[in-house]
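Trainee: Residue numbers (my numbering), protein chains in the order written: chain A, 15 to 191; chain B, 71 to 257. In this text, a Cβ means the ideal position worked out from N, Cα and C, and glycines have one as well. This structure is a prediction, so every number in the text was calculated from the model and none was measured.
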């Protein structure tokens, strides 16, 4: 009895997983045999199938009734008018679609897009600032004095240019010995 | 896809409204059934059906024939219907307390064995279906209303057969639980 009960329980566990498929007629022949062999001995599985059938009736029957009552030709007339209306609005819709950020909001990419733009600006701004800095840094490299000329050599960092200034030397002083 | 349908689609892609009308004649009932299965309300279902065919005419050039046409149309219908219900949810509707569940009228509470008024039962079925996720609802409607096979449902929803079976199983289970007074049979 116990063994029978255990076997039944095990079989019920296997069959219950197939009930949806069986109800939808998607089972293989072997699966069908297994289910149909089990059902006569299992009221729980039979009740489960009955529930599925009752649910299908609840969902489907009102739909069938509604379809049966409906007159569809007038729906086609509305569709035709709708198409003509949409064709007239086509250009306006096109412009609106360019300006409309709602899809971005709906797709939840506006915030990440703004964040990415801010990060990009923070990274590139210092580089741009450095690049467009209008006053090149000057650095005096060398100053050489001689009797005839004084030479000053500038080497600029940006652009990389070497400037050599020649200054005429001071007039000779009359020497007194 | 048969040759006639392929020709119809091709003509429609070139802007031929007569071709769209022929497609409408072939599919309007199916589209209405799916829409009604989702919204359970005649006027809304008709609005959705109208919107679907207008959308179809505008977007049919995107259909490349990689899937069957009717699964393409069914997917469009289901998406349109679900979008419609989302918009309608934002508007005030029936006063149902979703946390506590559907509230029966006093009369029904005094007579639990009474068969509910048709409209009240429909409202309850709609409420129960609305508790499902959009994916579960889509699969349940394709199966129960339209009788699509698992393969066809997989194609229409862009998912695998395993996923279809899982959604169907848990969707049925949830709705059965919510409507247990009306679906539990016994022999």
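#1: Along the segment 89 to 100 of chain B, what residues have a CB closer than 7 Å to any CB found in chain A?
#2: Let's test the definition: count the other Cβ atoms within 10 Å of the Cβ of residue 133(A) and tell me whether it reaches 16, buried, or not, exposed.
#3: Taking the C-alpha atoms as reference points, what is the distance between residue 48(A) and residue 195(B)?
#4: Can residue 68(B) and residue 98(B) be called in contact, C-beta distance under 9 Å?
#5: Which value, in whole angstroms, describes the spacing of the CA atoms of residue 80(A) and residue 211(B)?
#6: Can you pull out the residues from the segment 20 to 50 of chain A whose beta carbon lies closer than 8 Å to at least one beta carbon of chain B?
#7: How is the beta strand (DSSP E) around residue 180(A) delimited, first residue to last?
#8: Quick check on residue 187(B): buried or exposed, where buried means 16 or more other Cβ atoms within 10 Å of its Cβ?
#9: Take residue 25(A) and list the residues in its own chain whose beta-carbon comes closer than 6 Å to its own, dropping the five residues that flank it on each side.
#10: Quick check on the burial criterion: 16 or more other C-beta atoms within 10 angstroms. Buried or exposed for residue 180(A)?
#11: Between which two residues does the alpha helix (DSSP H) holding residue 204(B) run?
#12: Specify the secondary structure class of residue 190(B) as computed by DSSP and reduced to three states.
#13: In the DSSP assignment, the alpha helix (DSSP H) including residue 43(A) goes from what residue to what residue?
#14: Is residue 163(A) buried or exposed, if buried means 16 or more other CB atoms sit within 10 Å of its CB?
#15: Compare the beta carbon distance of residue 158(A) and residue 167(A) with 9 Å and say whether it is the shorter of the two.
#16: Determine which residues of the segment 65 to 81 of chain A have a Cβ less than 7 Å from any Cβ of chain B, and write them out in chain order.
#17: Locate the alpha helix (DSSP H) running through residue 241(B), then write down its first and last residues.
#18: Let's test the definition: count the other Cβ atoms within 10 Å of the Cβ of residue 151(B) and tell me whether it reaches 16, buried, or not, exposed.
#19: Output, in chain order, the set of chain A residues within a Cβ distance shorter than 7 Å of residue 51(B).
Mentor: According to the data block:
#1: 91, 94, 98 and 99
#2: exposed
#3: 33 Å
#4: Residue coverage of chain B in this structure runs from 71 to 257, which leaves residue 68(B) outside it and unanswerable.
#5: If you take the alpha carbons of residue 80(A) and residue 211(B), they lie about 15 Å apart.
#6: 34, 35, 38 and 40
#7: 175 to 182
#8: exposed
#9: Answer for residue 25(A): 52, listed in chain order.
#10: exposed
#11: 204 to 214
#12: helix
#13: 43 to 52
#14: exposed
#15: yes
#16: 65, 66, 68, 69, 70, 72, 73, 74, 76, 77, 80 and 81
#17: Per DSSP, residue 241(B) belongs to the alpha helix (DSSP H) from 231 to 248.
#18: buried
#19: Here chain B comprises residues numbered 71 to 257, so residue 51(B) is not present and cannot be evaluated.
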